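Residue numbers (the working numbering): 21 to 493.
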């Protein structure tokens, strides 16, 4: 950057991917951990934005799974963030393509901002210290470095990658990246003082990232350019073209760029970072009682040590347990030793092989218009509690295999049923025969809640024929 050149704008890039396996059963594929309030009142995604909002020179860019688009938009709206774009990945291709898509969006209008790339599912306890570190790294990034933030290790952790930094202070060159080491090697790394945990957070010019990606992985850049050129655009969403993006090789930014480029730099930071990559990691971030027990919800622990308990609705009681994790949700319970929680992903893989819905969905499923909770089901019936947000509407639709009864619990429902339009209030009901076009809307100012009773020969969510849908499904 020349002395007369104004500093570049800093634009946060929030990476909101993830498969939701490591914190199952609370986190699931359709509702991964960045949307959960794991360490406070707000979700990890919301906390990620709040952490850097005062640094940002422009609204954030978000890269998200297409299936999560409305949850991303709604959660950011709740904390006053209006993203300049939400770039939607039709399939997951890891961080190198995701960041490339963000960089292409950031430079589409001829700008070349600094991108502060942040996974949206990490915890940083010392937010002010992290903001200071970003400011300290800006000049190096302005001058063309690809800066990563290395975490000062608090122990010989074998679950993280490591970065060896050149001697010096502040931002300095990266000498090497190292994959997850064994315990003895990790001990040596920590003792040397030259190695830092790889945080997955970065700061660089958008154009420099694209330049280095094109130099080292032109196949990824070409595929991302094709997907971006063919993207559909509606409202705040940029929908990458499915076929082109699916053809993109999957690779991380570390493998594709950072381990190959001579522009890699690292700034060591001590900011209370945790990637919340397991239930044991979440136990580390939580408040403990005198016996090292951490809890969320209604929990009684007698003669227990080092336990972590999460319950959403029911009372959970533990007696005489040590180093155990107990997670209770509406439709699944996890009980595991803290040293074995990494195997949760094996449980999820097994559930997927068996076609079990618990691997993907919670009993309560969020939709762009609100949510539904499947509270009971049998061979030919299903009962749901449906919540429709104020001003929201479901698609105009019909079903081939089921009829529906709707009973309003609270709020006002506007119901289209064939050629009829009805307004229903509390305790009123209606019947939707099989094969009839219908729509449910909330014209009011408060949430609409109703009970839906489905009956028929097939009750799957794929028995929906949509005729009109404002959500682009």
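Every residue, glycine too, gets a C-beta built ideally from N, C-alpha and C.
Nothing here was measured: the structure is a model prediction, and the numbers come from that model.
* Distance, residue 31 Cα to residue 136 Cα -> 6 Å
* Are residue 326 and residue 303 closer than 9 Å when you measure CB to CB? -> yes
* **Local Cβ density within 10 Å of residue 397, reported as buried at 16 or more and exposed below that** => exposed
* Hey, how far is the Cα of residue 22 from the Cα of residue 181? -> Caution is warranted here: a pLDDT of 45 is assigned to residue 22, below 50, making its placement in the model unreliable, and no coordinate value can be reported.
* If we ignore side chains and look at the alpha-carbon of each, how far apart do residue 288 and residue 178 end up? -> Straight-line spacing of the CA atoms in residue 288 and residue 178 works out to 19 Å.
* Just grab the DSSP bridge partners of residue 32 for me. => 136
* Under 7 Å Cβ to Cβ from residue 380, same chain only, skipping five residues before and after it: list those, please. => 48, 49, 50
* **Same chain, Cβ closer than 7 Å to residue 480, neighbours up to 5 away in sequence not counted** => none
* Classification of residue 466 by the beta-carbon crowding that lies within 10 angstroms, buried from 16 upward -> exposed
* **Start-to-end residues for the alpha helix (DSSP H) that takes in residue 461** => Counting along the chain, residue 461 falls outside any alpha helix (DSSP H), though it belongs to the beta strand (DSSP E) covering 458–461.
* Range of the contiguous beta strand (DSSP E) that encloses residue 382 -> First-last for residue 382: undefined, no H or E at that position.
* Asked: Do you know offhand how far residue 129's Cα is from residue 428's?
  -> 48 Å
* When you compare each of 52, 106, 102 to residue 253 by their alpha carbons, which one comes out closest? -> 106
* In three-state terms, what does DSSP make of residue 23? -> The predicted position of residue 23 is uncertain, since its pLDDT is 47 and thus under 50; a value taken from the coordinates is nonetheless stated next. Coil.
* Should the segment 28–47 be called in touch with the segment 143–151, which here means at least 3 C-beta pairs below 8 Å? -> no
* Asked: Ordered along the chain, which non-local residues of its own chain (more than five positions away) have a Cβ less than 6 Å from that of residue 175?
  -> none
* Local Cβ density within 10 Å of residue 413, reported as buried at 16 or more and exposed below that -> buried
* Pick helix, strand or coil for residue 152, following the three-state DSSP scheme. => helix
* By DSSP, does residue 365 sit in helix, in strand, or in coil? -> Here residue 365 sits in helix by DSSP.
* **Between the CA atoms of residue 440 and residue 418 - distance to the nearest angstrom** => 15 Å
* Go through the segment 201–232 residue by residue and report every complete run of the beta strand (DSSP E) that reaches 3 residues or more, in order. => 215–225
* Measure the beta-carbon distance from residue 216 to residue 110 and round it to whole angstroms, keeping in mind my assumption that it falls under 8 Å. => Their Cβ separation, rounded to whole angstroms, is 35 Å, which puts residue 216 and residue 110 out of contact at 8 Å.
* According to the neighbour-count rule (16 or more other Cβ atoms, all chains shown, within 10 Å of its Cβ), is residue 53 buried or exposed? -> By the 10 Å Cβ count, residue 53 comes out buried.
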